[in-house]
Every structure is written in C-alpha cells, then in structure tokens.
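As they're listed, the protein sequences go chains A and B. Just remember that the numbering used here sits 7 ahead of the position in the first sequence, which is counted from 1. Just remember that the numbering used here sits 7 ahead of the position in the second sequence, which is counted from 1. Here the structure is laid out as structure tokens; the discussion comes afterwards.
Number of protein chains: 2
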Amino acid sequence: MLASQSKDFSKWYNQVVLDAGLAEYSSIKGCMVIKPYGYAIWENMKNILDGMIKDLGVDNVYFPLFIPESFLKKEAEHVEGFDPEVAWVTQGGGKELGERLALRPTSETVMYDTFSKWIQSHRDLPLKVNQWANIIRWEKRTRLFLRTLEFLWQEGHTVHADERGAEEMTNSALAMYEDFIKNHLAIHTIPGRKSDAETFAGADYTLSVESLMLDGKGLQMGTSHNLGQNFAKSFDIKFLDEKEEQKYAWQTSWGVSTRMVGALIMAHGDDKGLVLPPRIAPYQVVVVPIWKDNKEKKNLEKYISSIERGLSEKGIKFFVDWREQQTPGWKFNDWELKGAPLRLEIGPNEVEEKKVTFVLRDDLKKKPLALDKFLEDAVSILSEMQKRLLKRSEEFVKDNTRVAESYSDLKKIISEYSGFVEAFWCGDEKCEAEIKEETKATIRNIPFGSGGKGKCVKCGKKSGHKVLFAKAY
Amino acid sequence: MLASQSKDFSKWYNQVVLDAGLAEYSSIKGCMVIKPYGYAIWENMKNILDGMIKDLGVDNVYFPLFIPESFLKKEAEHVEGFDPEVAWVTQGGGKELGERLALRPTSETVMYDTFSKWIQSHRDLPLKVNQWANIIRWEKRTRLFLRTLEFLWQEGHTVHADERGAEEMTNSALAMYEDFIKNHLAIHTIPGRKSDAETFAGADYTLSVESLMLDGKGLQMGTSHNLGQNFAKSFDIKFLDEKEEQKYAWQTSWGVSTRMVGALIMAHGDDKGLVLPPRIAPYQVVVVPIWKDNKEKKNLEKYISSIERGLSEKGIKFFVDWREQQTPGWKFNDWELKGAPLRLEIGPNEVEEKKVTFVLRDDLKKKPLALDKFLEDAVSILSEMQKRLLKRSEEFVKDNTRVAESYSDLKKIISEYSGFVEAFWCGDEKCEAEIKEETKATIRNIPFGSGGKGKCVKCGKKSGHKVLFAKAY
Chain A
8 MLASQSKDFS KWYNQVVLDA GLAEYSSIKG CMVIKPYGYA IWENMKNILD GMIKDLGVDN
68 VYFPLFIPES FLKKEAEHVE GFDPEVAWVT QGGGKELGER LALRPTSETV MYDTFSKWIQ
128 SHRDLPLKVN QWANIIRWEK RTRLFLRTLE FLWQEGHTVH ADERGAEEMT NSALAMYEDF
188 IKNHLAIHTI PGRKSDAETF AGADYTLSVE SLMLDGKGLQ MGTSHNLGQN FAKSFDIKFL
248 DEKEEQKYAW QTSWGVSTRM VGALIMAHGD DKGLVLPPRI APYQVVVVPI WKDNKEKKNL
308 EKYISSIERG LSEKGIKFFV DWREQQTPGW KFNDWELKGA PLRLEIGPNE VEEKKVTFVL
368 RDDLKKKPLA LDKFLEDAVS ILSEMQKRLL KRSEEFVKDN TRVAESYSDL KKIISEYSGF
428 VEAFWCGDEK CEAEIKEETK ATIRNIPFGS GGKGKCVKCG KKSGHKVLFA KAY
Chain B
8 MLASQSKDFS KWYNQVVLDA GLAEYSSIKG CMVIKPYGYA IWENMKNILD GMIKDLGVDN
68 VYFPLFIPES FLKKEAEHVE GFDPEVAWVT QGGGKELGER LALRPTSETV MYDTFSKWIQ
128 SHRDLPLKVN QWANIIRWEK RTRLFLRTLE FLWQEGHTVH ADERGAEEMT NSALAMYEDF
188 IKNHLAIHTI PGRKSDAETF AGADYTLSVE SLMLDGKGLQ MGTSHNLGQN FAKSFDIKFL
248 DEKEEQKYAW QTSWGVSTRM VGALIMAHGD DKGLVLPPRI APYQVVVVPI WKDNKEKKNL
308 EKYISSIERG LSEKGIKFFV DWREQQTPGW KFNDWELKGA PLRLEIGPNE VEEKKVTFVL
368 RDDLKKKPLA LDKFLEDAVS ILSEMQKRLL KRSEEFVKDN TRVAESYSDL KKIISEYSGF
428 VEAFWCGDEK CEAEIKEETK ATIRNIPFGS GGKGKCVKCG KKSGHKVLFA KAY
C-alpha cells in the first residue's frame, strides 16, 4: 500500500518511484538505476523534445565527458559555481594524470574550446548544437530523478553574431520548454527571469519555467541562459564581421533533464500512484483480460486481437496484460500505480455484447461502450484526458498562487499553505537572502510581464515588479 | 584535395573524417568531438537498431557510469581484461573518495550487482535490457571512430533460466547485427565464433561479425557474448526454479558502437570521399540549384519547391543547398565528399524542360530524367543503389578471401594481398600467438559452418575447422 500523498508526500513520492518500477538507487551511493518503465517515459520525452530542438535548426553533436581543470577555471564565475560539485579523474590507463580531468557538470567549457576553432567568420554563425548526455554533479543530498550524482539531460549551445540573436535564442528555447511541458506533460509553468543569485554561473541572465508540485513546493523544470560574451571572452570565440572587424560572439545554453520525470510524478500523481498524460505514457491503453477457463480465454484472445488491430490502426500505444500469475484486481491496481491513462477490462460479458469496459486513470469510473464506438472515439477520449490534466494543473497553480502585501503575509502564506507567493521585491540580494533564511522560500523567478509598482515586501523600498516566491525542490 | 585511397589509406581515412565534417579530436588527448554530420549518421544507426533491439523484447534502461573497484574485481578474468584501460575517479565533491570508482569500460559488473536483487524466481526471467551509453577505455593509440578514450555504444544484457535461453539470445543478437549491417549499412560480414584468446573477458565464448575494409584489413563490427554462469556466480544471481530449487542464472551481453561509423567510411568510400548507403544517409537526396541572376533564382525556387513536395511525399530525406558563397561545382565536390547518395543538379534548363539531372554517388554519371518520372522512380533508384553497394561489398569480401594450404601460403597472402585468409587451425593458443607474432594477422573468427578436415597451417596437427585470419583494426 502506498503512503497517503497528503500525509507524507515525500514517502509517497519514493514509493511511487520504486513500486511503479521507474527507478531505484544503485549500490553506488547517490546514483540511480533508471528501470524500463521509467526509461520509457524519459525516452518519450526525449524523442518529442529532440524533434522540437531540430525544428529550431539545432543539430545534435557529442562532446567529451572529460574537462581539463584548466578549462573549467577559464571562466571565473563558472568554476566557482561548479567546483564544489565536481568529480575528478586522476588516474587513467594505469598512470597518474598530469592534469586532473573533471567529469562534465555541464559542457560550456569543453564545447567552447572547440567552438573557438570552428568560428572564424560571421558566415560560421549562428552555430546551434545540442547534445543528449550524462552529467555528473557530486550532490550531498540526493532524491531519485530530482537530484542524483549522475543524471541524463539535453544541453543546447548556440553562438550568434549579435546580442539580439542570443537574446532571441534564449527566449525561443524557453518557449520551446514551456510548450513541451504544457502540451505533452500537461503541466502549467510560469516563465520568467531568475534573480541574480539564482543565475547560472557565468551567464548574463537565466530564464526558467517554474511549476508547482502537488505538495505546494516549486520545481524548476527547465532553464535557458543568455551567456552574453562572458565565455566568448574567456575562450576567445571571435569572428570577422561583414566589415572585416573582429568581434566577440554572443552565446546561449539551455537544458532540461531526467528531473522532468520527477516533476511528472509530483504534478499529476494521486494516492493510487502515477497519473500519466496520454501523450507521454509508454502505454496509452492497457488491456486486462478476465477469464475463468480455457474456453473463455480462447474467445477472449480472438476478441482482443480485434481490439489490438483497431488500436494499432489509430496509432494508439497499448499493452495487453496476459500475465497468468496475477488476478485481474491485482492488475488493475498495478496499472493504476503505473499511471496507464486508459484501462480496458475485457471479460466474457464484453465479448458477448461486443463492448468494452473502460476506466480512465483520472476519474477511475468504469464505463461500458460498444467496441466500434470505443475504437472510433479512443483518440478523442485520450486527448480529452490530456486536456483535463492540463486544465487541472493550470487551476492548481492558480489556486495555489497567493499575493503577499507584507512580509508577515509572506511568512504566513509560506508556512500555512506553501505554493507560490507573489510579492514585490526591490532587487537587492540582501532582502532575497534574508527571506530565504527566515522562510526557506526562494525567488523562483520574476515572471514575464510582472510589472506594477509597489514596495519591497522585505525592506519597503520601491519595486517595479512582483516576483514569485516558493519553497522549492 | 583528398589523399588517394589506394596510396595512403590511413591518411585518406583521416581526411575524409575531418573534411566531411564527421568528427575531430578535442583538446582532451584521445577524445573525439562528433560533429553534426557524423552524429546524424550515428543517430540513424541508433534509431534503426533501437527498433530492432526492442523487437527482440529488450527494454532500454540506464545504469550508473561509476563502478566501484570492488565490483570490477569480483569476476577475475573480467578485471584482468579491463584493468589496464580503466580511468579512475578518486575525488568528488571536494573530498578524496573512500574507494576508487572506475568509469565503465563496459557495464556487466554494475548491472549484475543490481540484477542479483531483481531476480528471485524463474518468473523474473528472462530479463532483457539494453542501454545506450558512453564508454571509457584508456587506449594508448587512438583513431577517430575506431578507437578513442570515450565512445558511444549500446550494450544489451540478458539473464535466462537455462543454458539454452542464453545460447539462443547470443545467436539472436548476432543475427540482428548481421541483418542490420547487411541491410542498412550495406556491408557484408562473416559471422562466427572468436578464438579463446579473443573472447570477451569473463565470457564462455564470444560471437562476432567481421568485415573487410577496402584496404584489406579486417574490422570487428559487433560482438555477442555468452557469459554462461561466470558472472552469475560472482554476483550471486540465483533464482528458484519451478521445482523450488536454487539455480544460478545464465547470461549474455552484446554490443556495437560508434566504431560502425568508421567501418561505413572504410567499407564504401572512394577517392572523392564518403559513399553513404541511402538507408543510413542523413540526406538521401541533395539538391544543388544553379542560377546566374535573380530571375533565374526565382524560377528555380518555384520549381524546386515542387521537387521538395514530391520528395516529401515519398518519404525521402533531402536537403536543398542554397548557400550563396559557394559555386555549384564546389557544392558537387562537397556533397561527393559527404557521400550524399543522389545529387540533383537543377538549373534553368531543367526548369524549362521540366526535368532533373541526377548523379548517383556510386557511379557519378550525370543522367537526365523527366521530373515526373524521377519522382515516380526516386525510391527505387535509391533502393537499387543500396543493393548495388551491398553486392559490391559481398564481392569485395569474396574476392579478398583466399585459402592458405600451408604456413608459407598464409604468410605470402598476408604480406602480398592482405584480406581474409581461410586456413585450418588446431585450436592451440600457441599456434595462434606465433602466427600473430610473425604475420601480424589474427584469427578474426571461426566462421559458422566452417567444417571439414585438415591440418593446422602452423603445427600440422589435425583440425576440424577452418578459421579466418586477417590483419585487423
């Protein structure tokens, strides 16, 4: 039995991850094994996003895992940000290495060393590449999918001839993430700009899409960094412009990771387990056959193979659970735990009456329908569910976003409700740090278009924008 | 200009890899950057093979990069085989680690530690998983795609309740590789069994598919290992069988890597560069527009967009090279270097006469054809080319496989022709080692079905099978 989501969210999360067969810790401390069902979800995310990245004119590449210590040190802020989390290779091929090699905590430095050789002229720009890779960050406190020593991600890196090109790319990448997370993961996010304290080490500024998990805690789902000319200057990425003048290039980088699998669980799950949006589910339909004897089973096989044909024709991903060891009831629970969007329960009755009994994961009500009609409607039934999940997510974020007019308001809301809190902030890192210290809430981002005039919730100084506070993962 | 393939194969290979934009060395010694065009080829291989792996009922997973030293040491032969090539992480998160962590040179040990927890009963078997991952082997002499400190691969790992299950899986995986390499890469391979000296460290036996590059050197393209119960005993992978008796499991592992990109270059290339089989080419058709002035360009644009529509409808992957800086002639050379299977040259003449001029990469002859007819035939033109490349590969291997009746024969053939040499071998490692020492040729494999009776080419003892010798990559 799963822990109750409302009573112990953290325990519930770990149980879902383990019991639904998504992932588990390996014997190597802080490292995760991604199991078949969990990997299938990540693979769906990856395939869809890969297409969207290519649509932005970005090509896939692969750069080395190793980063010489000297590279990491070239950009001062960058090394300061990542140094504490680096794992170092010091021996290889039976020898001590002359220089320690970092395992990539992110690939700016190793890529930009090469970019400086690729880029000579404005004709070489823009350069837009992406890689799917494993990333190493030596974290102290780990949690499956959310924070492990090794994780999988995609990192896009682009180089532009002018500031505007980099700016537009930073925005496009964020818009792509928002679109993907909304339309495929059915999760509502707030796009905005990070405060300086939360900006990527080495970037001019960082944009993010932030969402709210069902326990009211924030989760950063994707980031897009405008690197300005910081790395270009450290790595000497220069080009001759149309007037034959040497200029430093402008750069961006942006990424999302296996963390999104964790977000998916925490944004849609319930006391029975995972709830997967149809567009990202490994199986959109799971068929559970119900039979007592061999004769019934034979009739079922024939009937179900006609269902299989019908689902295939509609391009629906399905699985028929013919396992012999488990009862139908056990299977219902198992597929609810695994979050299959639609379950078909097919027994002798259904065969005889040429119908199906179907159960949607978000309402769990048994509904009968003629087989023909079901096959005709299956795609729209699933897409309606997809829409419902997104709507629910939008409403959840809306219902859990509160406005704080004063600092006592802010403290009260954070401690009583958690969720997002909108409040004016002066822009001073000191106020930000004090609020974090006292409430554990951080500035998630400064949402786009959050104008207005008010006073900083902490110090009372004038402020031109509301920001979003939350306790966060 | 490229080096001549027949005069300096090695120089030619490196130039093709660099000039066609496939890959280059990074600043990290022995490590490769896979560039967009090279990665697109690997991605095509990966996508096709991933489907074939799934068709064998194998699920994708992801296991940690790190392997504790103690794991690696559990299987004695295994550690002996890999220890010299291991890179070690000794520091992480600002601290010295208690135990060194190897970066996976292959994942048997880290996976099987976890498998021993997953497997309790015969009902948990067979277990069949695969991962796409980066692999680290600290090689002394490196060559792009063929041997670098880091490379990309897929590794399948399966566990079975009986010996026969493992045997069948070992064969199925090899058959899959042979099929993929034949029907997609258009390369003829010889399937067979490795000699004991060339068997994977820790396996009962290793099967391989071996091919011949255009310089007459052998290249191992994929391997499939029957691990027997060796790792099961070291990692305590046991299960209760149907009679409630505890048994050790039987295992296999199998893999192919980015090395296949190197093989593709060396099996099909010519003095003009790469020759890509249509089924694996990033672009199957490249359109080079030819225009003098804006009016001509405008007419071209309209005509070419109708070609684009036609190619899209046929599911053909194409690219229109509208670059302004380069002449058509430069582009012809560039796409020959990059191995595009079919080039369309479209100028004012073609527009006026509603025709195309097309050039196939394997014969480089200009052929005119009415546009309608071309679009109708394009798929079959490409598939005919695919077949021709495979046939050429089959003939090349056949023509370069010679029989040695005596040891002097063997030595003469190896030094005069290189290529494959069939000869009887007694099975003794001493003969194998002496032949290698004296001729630089190794036993590539013992081809399936290579029966017969004869005498070992080296020692004259009785032998029941011919084996395949070659100098190899």
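We treat Cβ as the ideally placed atom computed from N, Cα and C, and that holds for glycine.
Under a three-way DSSP split, which group does residue i fall into?
i, result
"V65 of chain B", "coil"
"Q138 of chain B", "strand"
"G529 of chain B", "This structure leaves residue 529 of chain B out entirely; chain B is present only between 8 and 480."
"H167 of chain A", "strand"
"Y32 of chain B", "strand"
"K245 of chain B", "strand"
"L192 of chain A", "coil"
"G235 of chain B", "strand"
"A377 of chain A", "strand"
"Y255 of chain A", "strand"
"P7 of chain A", "Outside the displayed range of chain A (8 to 480) lies residue 7 of chain A, so it cannot be described from this structure."
"N452 of chain A", "strand"
"L307 of chain A", "helix"
"R200 of chain A", "strand"
"L156 of chain B", "coil"
Taking the alpha-carbon positions, what's the residue i to residue j distance?
i, j, result
"L219 of chain B", "Q12 of chain B", "15 Å"
"G163 of chain A", "K373 of chain A", "45 Å"
"D278 of chain B", "N54 of chain A", "37 Å"
"S415 of chain B", "G461 of chain B", "16 Å"
"F207 of chain B", "I194 of chain A", "47 Å"
"E401 of chain A", "A411 of chain A", "20 Å"
"F476 of chain A", "K418 of chain A", "11 Å"
"P289 of chain A", "Q138 of chain B", "17 Å"
"K240 of chain A", "Y255 of chain A", "7 Å"
"V166 of chain B", "L247 of chain B", "14 Å"
"D66 of chain A", "G58 of chain A", "10 Å"
"W95 of chain A", "L72 of chain A", "11 Å"
"L397 of chain A", "I126 of chain A", "43 Å"
"R111 of chain A", "T97 of chain B", "15 Å"
"F238 of chain B", "T116 of chain B", "8 Å"
"R144 of chain B", "L153 of chain B", "12 Å"
Find the nearest neighbour of residue i within the set the options, judged by alpha-carbon distance.
i, options, result
"S457 of chain A", "A:T165, A:T155, A:G199 and A:I35", "A:G199"
"P75 of chain A", "A:G105, A:P335 and A:E92", "A:G105"
"Q332 of chain B", "B:P296, B:Y310, B:G322 and B:N306", "B:P296"
"L226 of chain B", "B:H472, B:T449 and B:K36", "B:T449"
"T155 of chain B", "B:E92, B:E343, B:T165 and B:I126", "B:E92"
"V386 of chain B", "B:K443, B:L367 and B:V404", "B:L367"
"E343 of chain B", "B:K465, B:G280 and B:A270", "B:G280"
"R451 of chain B", "B:N21, B:K478, B:L153 and B:G434", "B:K478"
"S425 of chain A", "A:E439, A:L271, A:T446 and A:K469", "A:T446"
"G88 of chain A", "A:A173, A:W19, A:T97 and A:A204", "A:A204"
"F242 of chain A", "A:I453, A:E391, A:G209 and A:I421", "A:G209"
"F455 of chain B", "B:I48, B:A173 and B:I197", "B:I197"
So which residues of chain A does residue i contact, with C-beta pairs closer than 7 Å?
i, result
"N21 of chain B", "Those do not exist, as N21 of chain B stays about 17 Å from chain A at its closest Cβ, beyond 7 Å."
"Q332 of chain B", "R130"
"P91 of chain B", "G100 and G101"
Against residue i, what residues of chain A qualify as contacts under a CB-to-CB distance less than 9 Å, listed in chain order?
i, result
"Y119 of chain B", "The contacting residues do not exist; Y119 of chain B stays about 11 Å from chain A at best."
Which residues of chain B have a Cβ atom closer than 7 Å to the Cβ of residue i, listed in chain order?
i, result
"W145 of chain A", "G99 and G100"
"N141 of chain A", "L72 and N141"
Among all the DSSP beta bridges, which residues are the ones paired with residue i?
i, result
"M267 of chain A", "Paired residue(s): none; M267 of chain A is not in a bridge."
"A430 of chain B", "B:V474"
"G262 of chain A", "A:E162 and A:T230"
"F73 of chain B", "B:L110"
Report the neighbours of residue i on chain B: residues whose CB is nearer than 8 Å to its CB, in chain order.
i, result
"N67 of chain A", "P43, Y46, A47 and E50"
"E157 of chain A", "P71, L72 and F73"
"V40 of chain A", "V68, Y69, F70, P71 and T121"
Mind listing the chain B neighbours of residue i? Cutoff is C-beta to C-beta under 9 Å, in chain order.
i, result
"W503 of chain A", "Given a span of 8 to 480 for chain A in the structure shown, any question on residue 503 of chain A remains unanswerable."
Just the chain A side, please: which residues come within less than 8 Å of residue i by C-beta, in chain order?
i, result
"I35 of chain B", "P71, F73, I74, P75, L108 and V117"
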